[in-house]
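Undergrad: In my numbering, the protein residues as written are 2 to 324.
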Amino acid sequence: MYKNQFDKDTNIYDAYMFYGQCDYLIEQYALKTAKQLASGDDIQKIYFDEYKFKDCSNFLAQSSLFSASNILFIKTAKKIPKKDVDALIALCKTNPDSYVIFCCVGETDFKTMSKSFTKKNNSCEVVFYQPFDNEAIQILNNISQEKNIQIDINALQYLYSMHQKDLSLCVNDLNKLAILNKPIDISTINSQCFGMGSVNLDQFFLNLFSGKNINNDLYTLLEEGMNEIALVTQTTTFIQQLFNINTYLKLFGDLNIREIWGYNLPKPIAQSRANIAIKYSTNQISDMLNFFLTLELELKTKTTLDQNSYTQASFRKFSATLR
2 MYKNQFDKDT NIYDAYMFYG QCDYLIEQYA LKTAKQLASG DDIQKIYFDE
52 YKFKDCSNFL AQSSLFSASN ILFIKTAKKI PKKDVDALIA LCKTNPDSYV
102 IFCCVGETDF KTMSKSFTKK NNSCEVVFYQ PFDNEAIQIL NNISQEKNIQ
152 IDINALQYLY SMHQKDLSLC VNDLNKLAIL NKPIDISTIN SQCFGMGSVN
202 LDQFFLNLFS GKNINNDLYT LLEEGMNEIA LVTQTTTFIQ QLFNINTYLK
252 LFGDLNIREI WGYNLPKPIA QSRANIAIKY STNQISDMLN FFLTLELELK
302 TKTTLDQNSY TQASFRKFSA TLR
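Structural data, given as structure tokens:
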């Protein structure tokens, strides 16, 4: 079933499977369901490679001696064999004290696994799609209010766009920003997010696309814990912004911040990016985008790569072409 159908469903099932395109919502719904079933009791949580069928089946088969129920929460990025899933669901059906919740995240296609969850065996599967932008911003706004973060909608839209519409990354940064205990604007996000390291990522991109030497900053970013794939995807986002600015300026001739970004961005930040965007042709920006999309694919698929060294070498190669 879909998220909106599940929201209205009052039935209690023996087994649940949450999967789809939005890891944040998948995990939130899976944890919320587990807590509701547990009613204050402990939840047995199994994460990724910790999964062992024998341990899980033994847990679900036992009588609940010290609590009202046995709640098993399995978070996985890989498909679990069908025979395992069917057996775990069957154990919950025969043992009224037991429930199992599968939290399926990542890029794996879990659709075939979802076929084990049917009304016949009193189980359900819930698929999540990427939320509409206004829905995602409302989710972030609600979280901000819960954490007493003073942040306006424009800043939330900027954060969401910066993280390529990944709610999990946005929420992680909101947790960091809550510590500051002060009003948050776009400038604060630029200076404080991405691990709060010594290198400002936005300035790193400005230097990179201005043709300046970025070798030391690149090394520092990665040494301070910046994930290689995350750095590449953020670079791709920056290039997409350059493309939007370049195209808009060619069509209309003026820098309309709200029209280009969809929200108000501080004028100095917008102008600095516009100054870079007009330096390049549409074809050049397209080549840049293809370069980093190819790099991202290589980092995700070539498992034998030394990701740190390869990323540094690729950025340096790219940087040299702009001088």
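For every residue, glycine included, the Cβ atom is placed at its ideal position computed from N, Cα and C.
Our contact map puts I102 next to Y17 with C-beta atoms below 8 Å; I'd like the distance itself, whole angstroms only.
TA: Contact flag correct, Cβ pair sits at about 5 Å.
Undergrad: Assuming the contact rule is C-beta atoms closer than 8 Å, I286 and F244 should be a hit. Round their C-beta distance to whole Å, please.
TA: At roughly 5 Å, the Cβ-Cβ gap stays under 8 Å, so I286 and F244 are in contact.
Undergrad: Select from V172, M289 and Q29 the residue whose C-alpha is nearest the C-alpha of F316.
TA: Nearest of V172, M289 and Q29 to F316, Cα basis: M289.
Undergrad: With a cut-off of 8 Å on the beta carbons, I'd call G107 and A78 a contact; round off their distance for me.
TA: Confirmed, Cβ separation roughly 4 Å.
Undergrad: Quick check: the region 132-141 against the region 161-169, are there 3 or more CB pairs under 8 Å?
TA: The answer is yes - the region 161-169 touches the region 132-141, with three or more Cβ pairs under 8 Å.
Undergrad: Tell me the start and end of each unbroken beta strand (DSSP E) in the region 80-149 that is at least 3 residues and wholly inside, in chain order.
TA: As far as the region 80-149 is concerned, its whole beta strand (DSSP E) runs of at least 3 residues are 99-105 and 124-129.
Undergrad: When DSSP labels each residue in this structure, what does N71 get in the three-state scheme?
TA: If DSSP states are grouped into helix, strand and coil, N71 belongs with the strands.
Undergrad: Do I72 and L32 come within 7 Å of each other at the CB atom, strictly closer than that value?
TA: No, the pair does not count as a contact, with Cβ atoms beyond the cut-off.
Undergrad: Which residues in the same chain have their Cβ closer than 6 Å to the Cβ of E1, if we skip the five residues on either side of it in sequence?
TA: Any property of residue 1 remains undetermined from this structure, which presents the chain solely from 2 to 324.
Undergrad: DSSP puts Y48 in a beta bridge; with which residues?
TA: The partner list for Y48 (beta bridge, DSSP) reads K76.
Undergrad: Can you give the Cα-Cα distance for I187 and N12, rounded to whole angstroms?
TA: Taking the straight line from one Cα to the other gives about 43 Å.
Undergrad: Which residues bound the beta strand (DSSP E) around M163?
TA: No beta strand (DSSP E) contains M163, which is instead part of the alpha helix (DSSP H) from I154 to M163.
Undergrad: Report yes if the CB atom of F210 is closer than 7 Å to the CB atom of I277, and no otherwise.
TA: Yes, they are a contact pair.
Undergrad: Where does K230 sit, in a helix, a strand or coil, going by DSSP?
TA: First, the residue type needs correcting, since residue 230 is Ile and not Lys in the sequence shown. DSSP places I230 in helix when its eight states are reduced to three.
Undergrad: For I144, which residues of its own chain have a beta-carbon under 7 Å away from its beta-carbon, when the five flanking residues on both sides are left out?
TA: Closer than 7 Å at the Cβ level, and outside the excluded window around I144, lie V172 and L175.
Undergrad: Just list the residues that DSSP pairs G21 with in beta bridges.
TA: F129, per the DSSP bridge assignment.
Undergrad: Are the beta-carbon atoms belonging to N142 and I90 less than 7 Å from one another?
TA: Cβ atoms of N142 and I90: not closer than 7 Å.
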